[in-house]
Amino acid sequence: MRTMTVLVGLLLAGPAMAQLQDTQEYLQRMDADGDGKVSPDEYLQWMLYAFDRMDRNGNGVLEPDEQPGGRGKPITREEQRQVILARFARQDANGDGFLSARELMAPPR
Numbered sequence: 001m002r003t004m005t006v007l008v009g010l011l012l013a014g015p016a017m018a019q020l021q022d023t024q025e026y027l028q029r030m031d032a033d034g035d036g037k038v039s040p041d042e043y044l045q046w047m048l049y050a051f052d053r054m055d056r057n058g059n060g061v062l063e064p065d066e067q068p069g070g071r072g073k074p075i076t077r078e079e080q081r082q083v084i085l086a087r088f089a090r091q092d093a094n095g096d097g098f099l100s101a102r103e104l105m106a107p108p109r
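Residue numbers (UniProt numbering): 1 to 109.
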């Protein structure tokens with residue numbers, strides 16, 4: 001089920017990424033404070049947007065009928081938040097607590 005949680009986060013983020021022209025533009029979209037790097041909070045905000053859009057009834061849980069394919073274990077927003085933070089930590093190759101453009105666009109670790 002964790003795989004489904006990860007896929008849920010990527011599902012709607014993917015179309016947003018596909019519309020962007022290059023790595024720098026993607027970084028700029030996520031980098032709310034404009035410091036040239038993505039913090040955990042900025043990453044969470046970007047990635048939880050997908051969860052919030054899919055949560056049609058607004059109860060903080062993706063029910064099976066709100067998930068891709070209409071099936072799966074219910075996923076809470078907090079569970080999704082933890083998955084996103086773990087993904088962030090894995091992508092932060094240099095361990096500085098931020099994602100650079102290179103780390104952001106690297107294949108999932």
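Built from N, CA and C at the ideal position, the CB exists for glycine as well.
Have a look at the DSSP bridge pairing and note the partners of residue i.
{"i": "Thr-76", "result": "Val-61"}
{"i": "Leu-99", "result": "Val-38"}
Taking all protein chains shown into account, do 16 or more other C-beta atoms lie within 10 angstroms of the C-beta of residue i, making it buried, or fewer, making it exposed?
{"i": "Gly-58", "result": "exposed"}
{"i": "Glu-78", "result": "exposed"}
{"i": "Ala-32", "result": "exposed"}
{"i": "Ala-50", "result": "buried"}
Within its chain, find whatever has a CB closer than 7 Å to the CB of residue i; leave out the 5 residues flanking it on each side and keep chain order.
{"i": "Met-17", "result": "Summary for Met-17: the model assigns pLDDT 46, below 50, so the residue's position carries little reliability, and this model does not support an answer."}
{"i": "Ser-100", "result": "Lys-37"}
Counting only the same chain and skipping the five closest in sequence on each side, list residues whose C-beta sits under 8 Å from that of residue i.
{"i": "Ala-106", "result": "Gln-91 and Ala-93"}
Ordered along the chain, which non-local residues of its own chain (more than five positions away) have a Cβ less than 6 Å from that of residue i?
{"i": "Met-4", "result": "Interpretation of Met-4 is limited by its pLDDT of 45, a score under 50 that renders its predicted location unreliable; the figure taken from the coordinates is listed afterwards. These residues qualify, in order along the chain: Gly-72."}
{"i": "Val-8", "result": "Confidence at Val-8 is low in this model, with a pLDDT of 44, below 50, so its placement is unreliable and no value can be given for it."}
{"i": "Phe-88", "result": "Pro-40 and Tyr-43"}
Of all the options the options, which has the alpha carbon lying nearest to the alpha carbon of residue i?
{"i": "Arg-109", "options": "Phe-98, Gly-97, Ala-86 and Asp-96", "result": "Ala-86"}
{"i": "Phe-98", "options": "Asp-22, Thr-23 and Asp-35", "result": "Asp-35"}
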